[in-house]
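A.B. asks: Chains A and B, in that order, are what the protein sequence lines are. According to our numbering, the first sequence holds residues 1 to 115 in order. According to our numbering, the second sequence holds residues 116 to 229 in order.
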Amino acid sequence: AQSVAQPEDQVNVAEGNPLTVKCTYSVSGNPYLFWYVQYPNRGLQFLLKYITGDNLVKGSYGFEAEFNKSQTSFHLKKPSALVSDSALYFCAVRPWMDSSYKLIFGSGTRLLVRP
Amino acid sequence: NAGVTQTPKFQVLKTGQSMTLQCAQDMNHNSMYWYRQDPGMGLRLIYYSASEGTTDKGEVPNGYNVSRLNKREFSLRLESAAPSQTSVYFCASSEGGFSGNTIYFGEGSWLTVV
């Protein structure tokens with residue numbers, strides 16, 4: 001079965017420190033991988049995606065993610081966290097050959113950045 | 116830029132009532148989706164439409180129906196609402212045709228069934 005795991009329900013980090021939000025996946029074949037952010041009472045906003053090529057992907061708001069095929073991971077990172085980064089983060093995967101183009105989501109990780 | 120627009124934003128229903136969630140996108144996307152979001156469960160796909168004229172069941176279709184009215188619009192209907200359908204519903208769209216295309220989401224519809 002195809003799935004995405006976000007092992008941490010919540011990540012706490014101090015402002016200015018680096019942050020990592022973890023994601024691992026299980027799909028048949030090559031994956032396309034996505035990160036979304038959700039602020040309270042809002043929809044999901046696209047942050048970045050991995051399609052092919054460079055394993056380090058840069059996205060919006062200073063976020064980046066590293067694709068690791070051997071570990072089937074796609075962790076989200078930011079060198080210096082901001083209080084405004086506090087939100088709910090979702091990792092998602094789409095199998096390469098899935099003709100429905102639908103996304104499979106993880107359960108989400110709440111990021112709390114304290115001042 | 117409007118993107119994906121869904122209505123209503125908030126709705127309270129009594130058990131057994133019916134309602135339709137409306138969704139429209141102005142990005143000329145081929146594929147559209149309805150997801151529900153529940154605490155600790157991420158987003159689960161209810162129905163999707165890979166292209167105009169087609170609809171398919173997702174992970175949790177029971178109790179729902181959909182209509183792809185045209186390329187822009189994709190509605191979700193609850194025929195007889197149940198408390199288990201209390202959730203946040205998101206409509207989304209993508210270009211389709213390539214699995215690497217980004218899916219864009221609406222702002223959500225908060226539904227409470229009492």
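For every residue, glycine included, the Cβ atom is placed at its ideal position computed from N, Cα and C.
1. At least one CB of chain B closer than 7 Å to the CB of Trp96 of chain A: is that the case?
2. In whole angstroms, what is the alpha-carbon distance linking Arg183 of chain B and Ile51 of chain A?
3. Establish whether the CB of Leu191 of chain B and some CB of chain A are separated by less than 7 Å.
4. With a cut-off of 7 Å, does the C-beta of Lys58 of chain A fall near any C-beta of chain B?
5. For Val127 of chain B, verify whether its CB is less than 6 Å away from any heavy atom of the ligand MN.
6. Please state the DSSP three-state secondary structure of Ser166 of chain B.
7. Runs of 3 residues minimum, wholly inside the region 29-107 of chain A: which ones carry the beta strand (DSSP E) assignment?
8. Please state the DSSP three-state secondary structure of Ser146 of chain B.
9. Using only the alpha-carbon positions, how far apart do Leu191 of chain B and Pro198 of chain B sit?
10. Mind checking which residues open and close the beta strand (DSSP E) that includes Phe213 of chain B?
11. In this structure, does DSSP put Ser199 of chain B in helix, strand or coil?
12. What does the alpha-carbon distance come out to for the pair Ser28 of chain A and Asp98 of chain A?
13. In three-state DSSP terms, what is Ile161 of chain B?
14. When you compare the region 172-179 of chain B with the region 213-226 of chain B, are there three or more beta-carbon pairs, one atom per stretch, that lie closer than 8 Å?
15. Kindly indicate which three-state DSSP category Asn177 of chain B falls into: helix, strand or coil?
16. Chain A partners of Leu160 of chain B, CB-CB under 7 Å?
17. Is Met134 of chain B helix, strand or coil when you go by DSSP?
18. In three-state DSSP terms, what is Arg187 of chain B?
19. Quick check on this structure: which residue in A:Leu88, A:Ala92, A:Pro115 has the alpha carbon closest to the alpha carbon of Thr109 of chain A?
20. Of the choices B:Arg151, B:Thr130, B:Ala139, B:Lys129, whose alpha-carbon is the least far from that of Thr122 of chain B?
21. Is Phe125 of chain B close to chain A, meaning its C-beta is less than 7 Å from at least one C-beta of that chain?
22. Give the range of the beta strand (DSSP E) segment to which Ser6 of chain A is assigned.
23. Cα-Cα, which of A:Ser84, A:Val113, A:Lys102, A:Ser73 is closest to Pro7 of chain A?
24. Is it the case that the region 126-141 of chain B contacts the region 35-44 of chain A, given that we only count it when at least three CB pairs across the two stretches are under 8 Å?
C.D. replies: Answer, in terms of the structure:
1. As a position in the first sequence, residue 96 of chain A is number 96, starting the count at 1. So yes, Trp96 of chain A belongs to the interface.
2. Along the second sequence, one-based indexing puts residue 183 of chain B at 68. Along the first sequence, one-based indexing puts residue 51 of chain A at 51. So the two alpha carbons sit approximately 29 Å from each other.
3. Taking the second sequence and counting its residues from 1, the one referred to as residue 191 of chain B is at position 76. So, not an interface residue.
4. Taking the first sequence and counting its residues from 1, one reaches residue 58 of chain A at position 58. Taking Cβ atoms only, chain B never reaches closer than 7 Å to Lys58 of chain A, which makes this a no.
5. Here there are no bound small molecules, and the ligand MN is not part of this structure.
6. The sequence position of residue 166 of chain B within the second sequence is 51, counting from 1. Coil, per DSSP.
7. 31-38, 44-50, 56-58, 64-68, 73-78, 87-95
8. Start at 1 with the first residue of the second sequence, and residue 146 of chain B comes out as number 31. Note: Ser146 of chain B maps to strand in three-state DSSP.
9. Translated into positions along the second sequence, residue 191 of chain B becomes position 76. Translated into positions along the second sequence, residue 198 of chain B becomes position 83. Cα to Cα, Leu191 of chain B sits roughly 17 Å from Pro198 of chain B.
10. Position 98 of the second sequence, counting from 1, holds the residue named residue 213 of chain B. Unbroken run through Phe213 of chain B: none, as it is neither H nor E.
11. Here residue 199 of chain B corresponds to residue number 84 of the second sequence, with the count starting at 1. Looking at Ser199 of chain B - three-state DSSP - the assignment turns out to be helix.
12. Here residue 28 of chain A corresponds to residue number 28 of the first sequence, with the count starting at 1. Here residue 98 of chain A corresponds to residue number 98 of the first sequence, with the count starting at 1. For Ser28 of chain A and Asp98 of chain A, the distance between alpha carbons rounds to 10 Å.
13. Counting from 1 along the second sequence, the entry for residue 161 of chain B is found at position 46. Here Ile161 of chain B sits in strand by DSSP.
14. no
15. Along the second sequence, one-based indexing puts residue 177 of chain B at 62. Asn177 of chain B: coil per DSSP, three-state reduction.
16. For the purposes of this step, residue 160 of chain B is taken as residue 45 along the second sequence, with counting starting at 1. Lys102, listed in chain order.
17. Along the second sequence, read from residue 1 onward, the residue named residue 134 of chain B stands at position 19. Residue state, collapsed to three classes: strand.
18. In the second sequence, counting from the first residue as 1, residue 187 of chain B sits at position 72. Arg187 of chain B: coil per DSSP, three-state reduction.
19. Translated into the one-based positions of the first sequence, residue 109 of chain A becomes position 109. With distances taken between Cα atoms, Thr109 of chain A lies closest to A:Leu88.
20. As a working mapping, residue 122 of chain B is identified with position 7 in the second sequence. Taking only the C-alpha atoms, the option nearest Thr122 of chain B is B:Ala139.
21. Mapped onto the second sequence, residue 125 of chain B falls at position 10. So no, Phe125 of chain B is outside the interface.
22. For this step, residue 6 of chain A is matched to residue 6 along the first sequence. The sequence as given places Gln at residue 6 of chain A; Ser does not occur at that position. Run containing Gln6 of chain A: none; DSSP gives neither H nor E here.
23. Here residue 7 of chain A refers to the residue found at position 7 of the first sequence. Considering only alpha carbons, the answer is A:Ser73.
24. no
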